[in-house]
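Asker:
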Amino acid sequence: MEVRSIYKYARISSQKARQVTRAITGMPVSQALSVLDFTPKKAAFLVGKVLRSAVANAENNHELDADELIVRSAVATPGPALKRITPRARGSASPIKKRMTHITVVLGAKEEEKPAKKAKAAKVAAE
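Numbers in this note's numbering are just positions in the sequence shown, counted from 1, shifted up by 929.
(1) DSSP has Ile941 in a bridge; who is on the other side?
(2) Could you tell me the alpha carbon to alpha carbon distance between Ile1025 and Thr1015, rounded to whole angstroms?
(3) Can you tell me which residues form a DSSP beta bridge with Val1000?
(4) Cutting at 6 Å between CB atoms, please list the residues of its own chain near Ser982, excluding the five before and the five after it.
(5) Pro1028: which of Lys1012, Lys1039, Ser1021 sits nearest, CA to CA?
(6) So Asp966 is in the alpha helix (DSSP H); what residue range does that whole segment cover?
(7) So Leu980 is in the alpha helix (DSSP H); what residue range does that whole segment cover?
(8) For Pro957, I'd like the list of residues in its chain whose CB is within less than 6 Å of its CB, leaving aside the five on either flank, ordered along the chain.
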């Protein structure tokens, strides 16, 4: 079963948030939280909030154990941008885009290792 949590309209660019989401994809939840707690970026704080929310959703809504979950995917997709201007020389103006992003974290159960690979490796080693 997959559990998801979404933070919409986070006031950070998706490019900056994507650096952090790539780092935690595929990790167990406890390890991902540790990495995020010690990452000195604003995006790490925001992604941490979403990850904690997904864990709470899994525990309360689906009765899953947080220790048995891994981060299936963590993505940061671009949202809308606030368009502002700043005054420039000789009465002109320059645009400023204040970007937003949607951060989505999907958790899933740990995959069990397939015994076929172990049996095949043992068979090759025996020969």
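All C-beta atoms in this analysis are idealised placements derived from N, C-alpha and C, irrespective of residue type, glycine included.
Answerer: The structure says:
(1) Beta-bridge pairing links Ile941 to no other residue.
(2) 7 Å
(3) Leu1036
(4) Ser934
(5) Sequence check: residue 1028 is Arg here, not Pro. Closest by alpha carbon: Lys1012.
(6) 958-966
(7) 971-990
(8) Ile999
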